[in-house]
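Colleague: Using the working numbering, the final residue of the sequence shown is 117, and nothing's skipped along the way. No residue lacks a Cβ here, since even glycine has one placed at the ideal position from N, Cα and C. My structure is below; once you've seen it, I'll send some questions.
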Amino acid sequence: AERRTGLDALRARLDARLRGPSFVRLDTRSPKDGVFLLPKTYDALRARVKERAFASASSAECETYDAACVHRAIIDAQQCRTGADVLELLRFSQRVEADLVLGQCVNEDAA
Numbered sequence: 007a008e009r010r011t012g013l014d015a016l017r018a019r020l021d022a023r024l025r026g027p028s029f030v031r032l033d034t035r036s037p038k039d040g041v042f043l044l045p046k047t048y049d050a051l052r053a054r055v056k057e058r059a060f061a062s063a064s065s066a067e068c069e070t071y072d073a074a075c076v077h078r079a080i081i082d083a084q085q086c087r088t089g090a091d092v093l094e095l096l097r098f099s100q101r102v103e104a105d106l107v108l109g110q111c112v113n114e115d116a117a
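Following this line, the structure appears as structure tokens:
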């Protein structure tokens with residue numbers, strides 16, 4: 007229950023500080039790898055790809071469009087609008103997890 011209260015407080019503080027779409031990071035690295043595990047990334051990608059039809063799925067035009075859709079979905083997923091968005095992205099990031107584990111190992115006496 008205490009952990010939930012702490013997360014709720016952090017989420018509320020983040021909500022109060024965000025002033026529109028924001029790219030977040032810890033002091034060390036950004037959680038950019040987390041977007042590949044977010045359901046909203048896949049949903050956005052599926053929606054964008056379905057917007058256009060091509061005569062051939064292997065055409066250069068289709069491949070270029072698909073690549074642009076992937077890039078746009080990744081960029082959109084990295085933009086956090088709420089504290090919940092921030093925490094979700096951080097939670098799915100292996101980069102952030104590795105940094106937190108390293109920090110715990112280095113500072114184990116301080117915990």
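Along the chain, which unbroken stretches of the alpha helix (DSSP H) at least 4 residues long are found entirely within the segment 61-93?
Modeller: Here the runs fully enclosed are 66-84.
Colleague: Would Gln84 be called buried (16 or more neighbouring beta carbons within 10 Å of its own) or exposed?
Modeller: Counting Cβ neighbours within 10 Å, Gln84 comes out buried, since at least 16 surround it.
Colleague: Would you kindly work out how many angstroms separate the C-alpha atoms of Ala74 and Glu94, rounded to a whole number?
Modeller: Spanning the two alpha carbons is a distance of roughly 24 Å.
Colleague: Assess contact between the segment 26-39 and the segment 96-105, defined as three or more Cβ pairs (one per stretch) separated by less than 8 Å. Is contact present?
Modeller: Taking 8 Å as the limit for Cβ pairs, the verdict is that the segment 96-105 does touch the segment 26-39.
Colleague: So Ala50 and Ala90 are in contact, right, with Cβ under 8 Å, and what is the actual spacing, rounded?
Modeller: Contact doesn't hold; Cβ gap of about 17 Å is too wide.
Colleague: Could you please give me the residues that DSSP links to Ser2 through a beta bridge?
Modeller: A query on residue 2 cannot be resolved here, the shown segment of the chain reaching from 7 to 117 and no further.
Colleague: Would you mind reading off the limits of the alpha helix (DSSP H) that contains Asp105?
Modeller: Start and end: Gln100 to Val112.
Colleague: Suppose you measure from the CA of Arg25 to the CA of Asn113; what does that come to, to the nearest Å?
Modeller: Distance between the alpha carbons of Arg25 and Asn113 is about 33 Å.
Colleague: Would you decide whether Val107 is buried or exposed? Buried here means 16 or more other CB atoms lie within 10 Å of its CB.
Modeller: Exposed.
Colleague: Answer yes or no: the CB of Gln110 versus the heavy atoms of the ligand FAD, is any distance below 8 Å?
Modeller: As far as ligands go, the structure on display features none, and thus does not contain the ligand FAD.
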